[in-house]
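Notes follow once the structure below has been shown.
Number of protein chains: 2
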Amino acid sequence: MPLGLELTHIFDRRAHEKSEALAASRITWTTSIDEVLASDADVVVETVGGVEPAADWIRAALAAGKSVVTANKQVVARRGAALLTLAERQGRQLRFEAAVGGAMPIVRAVGEGLAGDRITRIVAILNGTTNAVLSRMEATGCSLDDAVVDARARGWAEADPRVDLDGVDAAAKLSILCALAFGLRVDPDAIPTRTAASVTPADFDHARRAGGTIRQIAHAEYDRTASTLTVWVAPTVVARGSIFSRTAGPQNAAIISGAHCGEITIAGAGAGGDATAVAILSDIVAIARDRAAIVPAPVLTSHFRLQTSDFVLAEAV
Amino acid sequence: MPLGLELTHIFDRRAHEKSEALAASRITWTTSIDEVLASDADVVVETVGGVEPAADWIRAALAAGKSVVTANKQVVARRGAALLTLAERQGRQLRFEAAVGGAMPIVRAVGEGLAGDRITRIVAILNGTTNAVLSRMEATGCSLDDAVVDARARGWAEADPRVDLDGVDAAAKLSILCALAFGLRVDPDAIPTRTAASVTPADFDHARRAGGTIRQIAHAEYDRTASTLTVWVAPTVVARGSIFSRTAGPQNAAIISGAHCGEITIAGAGAGGDATAVAILSDIVAIARDRAAIVPAPVLTSHFRLQTSDFVLAEAV
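Top line first, the protein sequences correspond to chains A and B.
Each residue of the first sequence is one higher than the one before, counting from 1 in my numbering.
Each residue of the second sequence is one higher than the one before, counting from 1001 in my numbering.
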């Protein structure tokens, strides 16, 4: 491993069943979070999903003086500000590149790379599962149910893909991007969503005749003068030839618009263990390079008006 | 300005002619670098271009305990390793997002966002001027000379665009990316280049019949097992519909391939004052957020074989 990194503990509910695979190594398998917290590990990686108990464990890890890397979009969307404040106070880091966009480094792009601009809009495909389902329907003309079966067979969908299709997953990710890009505290549950679960082959025919296809789009545009955020997640007609129409399978893509930089496009693997692992490892490497780095907690405001806009894109993208 | 940033000095050969524009402000205009070095400024921004005296000034600024932000690809490509080592020893930072890709945050993407993967290949459009010229020839069928005149009129080309067309500019940027992605010390002058200055409308006809168009491509692929870097900059036929064929005007685009993450695409404004300003300001913000951040100097090796490959892409991109 680079930088002398060492994996010391694996905390897993079913550690006793799984540990044989790595039994020969010096890794401690445990079913006790307290054993991890009491260890001398510098970094805790959290990939369990769901708000609790994950948020509690992250809080405990930071309180124990450890930095934390998480892939958990729900925790970051709902508890991120408080946890980042705790991390800063502890002189530790909470990093979450894996929580949005898989391997495509959009958290760094929005939070750091474009910090010198005033970001005005983010339009993105943020859910790899739904994108795999919709692009499969487009390519084969099959029903949504058949496309879900196919995505599941390829490891791109969970047994129950509703949080993906309904937009709940993308809304959490969009909430994180709104905090990074606009400094807004957006409750993921307040983001208007329309489910992709009811999209039919006939909808695709209709979109095709209109010169496009259908993707689940996450849209956020902030009018600073009017303090108004136009935000939604919905299946949307996107123009043929656009970056979004060309995004197939479990890929993610985003167009970030800045007042000065114009449009920055970023795309890449949005789902899958490898993509998540790359993002997590990149965050671990960042911590290893500079253990005392300051990751300032964002100063978020709740003083804005949230609106939707009939779930259509103002212009062809 | 965010984070209480304040512009204190402007060092310019013709300060006396230019200073009236900002005479009312509290900015000190000077023709003396020593006045800047002796000031209490925390960060020095260098945008003069050329290796010397820029490298000397950066060295002096770091030695004086200041962090440095530069847009100067030649300095970073040719003196970057030594200057980054000096910065690290001084406990200061040398940041250079603006040196490659304009506003598109490729330095962070390669150096940090994908640090958890093993990057195997970078294929990119890295010179906005040449891209504006070639995409203009494609769109209008005009000669290269006419396209250069047009690019100049739009502010996308200097009086003498040879370093752009010949690939010298892109080679310096590619050298920087090879250091970040592969840990290789690549002399920009050793990168094989073929000029775009001799591309004709007939070449575009030929490319069109072959199902593509022409762009100046910067290509670097590292075979770690064989320690062999295949690297070049040249006008190249790219497939119609590819990200590169759709990159028009002064845009830049890159496909970064990782052993685990697959292909990450990033695209955006590659030339122009606004794009450069966004990248520079983002670096200044990073320094302001964490003045003691450690930006480790890359450990580079010269033990590799450099080869070219007839300037063609191994696969349609």
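We put the CB at the ideal spot given by N, CA and C, even for glycine.
Which residues mark the beginning and the end of the alpha helix (DSSP H) in which residue 1204 of chain B is found? 1201 to 1209
Residue 213 of chain A by DSSP, collapsed to three states: which one? Residue 213 of chain A: strand per DSSP, three-state reduction.
Backbone secondary structure at residue 1007 of chain B - three-state DSSP: coil
Enumerate, from N- to C-terminal direction, the unbroken alpha helix (DSSP H) stretches of 4 or more residues contained entirely within the region 1109 to 1182 of chain B. 1128 to 1140, 1144 to 1153, 1162 to 1165, 1168 to 1182
DSSP three-state assignment for residue 1317 of chain B, whether helix, strand or coil: Its pLDDT being 47, under 50, residue 1317 of chain B is placed unreliably by the model, and nothing is read from it.
Alpha carbon to alpha carbon, how far is residue 1275 of chain B from residue 1117 of chain B? 28 Å
Between the C-alpha atoms of residue 268 of chain A and residue 250 of chain A, what's the straight-line distance to the nearest angstrom? Between residue 268 of chain A and residue 250 of chain A, the C-alpha separation is close to 9 Å.
Does any residue of chain A have a CB that is nearer than 8 Å to the CB of residue 1325 of chain B? The requested residue 1325 of chain B does not occur in the structure, where chain B is confined to residues 1001 to 1317.
List, in order along the chain, the chain B residues whose C-beta lies closer than 9 Å to that of residue 282 of chain A? 1112, 1113, 1114, 1115, 1116, 1117
Taking the alpha helix (DSSP H) that residue 1228 of chain B falls in, what are its first and last residues? That residue, residue 1228 of chain B, is in no alpha helix (DSSP H); its beta strand (DSSP E) goes 1228 to 1239.
If we define contact as Cβ-Cβ less than 8 Å, is residue 1263 of chain B a contact residue for chain A? yes
Proximity to residue 225 of chain A [Cα-Cα], best of A/211, A/182, A/215: Looking at the Cα atoms, A/182 is the closest of the given residues.
Are the C-beta of residue 316 of chain A and some C-beta of chain B separated by less than 8 Å? With a pLDDT of 43 at residue 316 of chain A, under the threshold of 50, the predicted position of this residue should be treated as unreliable, though the coordinate-derived value follows. For residue 316 of chain A, not one C-beta of chain B is nearer than 8 Å to its own C-beta.
Where the beta strand (DSSP E) through residue 76 of chain A begins and ends: Note, residue 76 of chain A: premise wrong, no beta strand (DSSP E); alpha helix (DSSP H) at 73 to 90.
Using alpha carbons as the reference points, say which of B/1229, B/1195, B/1227 lies closest to residue 1217 of chain B. Comparing Cα-Cα distances from residue 1217 of chain B to each of B/1229, B/1195, B/1227, the minimum goes to B/1195.
Can you find a C-beta in chain B that's less than 8 Å from the C-beta of residue 105 of chain A? yes
Mark residue 67 of chain A as exposed unless 16 or more other C-beta atoms lie within 10 angstroms of its C-beta, in which case mark it buried. buried
Report the partner residues of residue 1057 of chain B according to the DSSP bridge assignment. In the DSSP output, where bridge partners are listed per residue, residue 1057 of chain B has none listed.
Are at least three pairs of beta-carbons, each pair with one atom in the region 1122 to 1133 of chain B and one in the region 1288 to 1299 of chain B, less than 8 Å apart? no
Kindly indicate if chain A contains any beta-carbon less than 8 Å away from that of residue 1269 of chain B. yes
Starting from the beta carbon of residue 158 of chain A, find every residue of chain B whose beta carbon is closer than 8 Å, and list them in chain order. The contact set of residue 158 of chain A on chain B, defined by CB atoms closer than 8 Å, is empty, because the minimum CB distance reaches about 21 Å.
Any C-beta of chain B within less than 7 Å: which residues of the region 249 to 263 of chain A qualify? For the region 249 to 263 of chain A, residues whose beta-carbon sits nearer than 7 Å to a beta-carbon of chain B comprise 258, 260, 261, 262, 263.
Name, in chain order, the residues that DSSP records as bridge partners for residue 257 of chain A. Among the bridge pairs identified by DSSP, residue 257 of chain A is matched with A/121, A/263.
For chain A, is any of its Cβ atoms less than 8 Å away from the one on residue 1097 of chain B? yes
Who are the neighbours of residue 292 of chain A on chain B, taking C-beta pairs under 8 Å? 1292, 1294
Neighbour list for residue 289 of chain A in chain B, Cβ cutoff strictly below 9 Å: Chain B residues near residue 289 of chain A: 1112, 1115, 1294, 1295, 1296.
Distance, residue 297 of chain A Cα to residue 1003 of chain B Cα: 13 Å
On a Cα-Cα basis, can you pick out the residue from A/121, A/14, A/38 that is closest to residue 219 of chain A? A/121
Run down chain B in chain order and give the residues with a C-beta less than 9 Å from the C-beta of residue 266 of chain A. The answer, in chain order, is 1104, 1105, 1109, 1264, 1265, 1266, 1267, 1268.
On the CB-based measure, 16 or more other CB atoms within 10 Å of its CB, does residue 1020 of chain B come out buried or exposed? exposed
Please report the residue range of the beta strand (DSSP E) in which residue 305 of chain A lies. 305 to 307
Residue 1279 of chain B - DSSP class collapsed to helix/strand/coil: Correct three-state label for residue 1279 of chain B: helix.
Classify residue 1052 of chain B as helix, strand or coil using the three-state DSSP reduction. coil
Tell me which same chain residues have a C-beta within less than 7 Å of the C-beta of residue 1001 of chain B, skipping the five on either side of it? Only weak support exists for where residue 1001 of chain B lies, its pLDDT of 41 falling under 50; the value from the coordinates is given anyway. Result list for residue 1001 of chain B: empty, nothing under 7 Å.
Across the region 60 to 78 of chain A and the region 34 to 51 of chain A, are there enough close Cβ pairs to call them in contact, namely three or more that are closer than 8 Å? Counting C-beta pairs with one atom in each stretch, the region 60 to 78 of chain A and the region 34 to 51 of chain A have three or more that are closer than 8 Å, which means they touch.
Let me make sure I understand the geometry here. Which of A/14, A/43, A/41 has the alpha-carbon closest to that of residue 29 of chain A? Check the Cα spacing between residue 29 of chain A and each of A/14, A/43, A/41: the tightest is with A/14.
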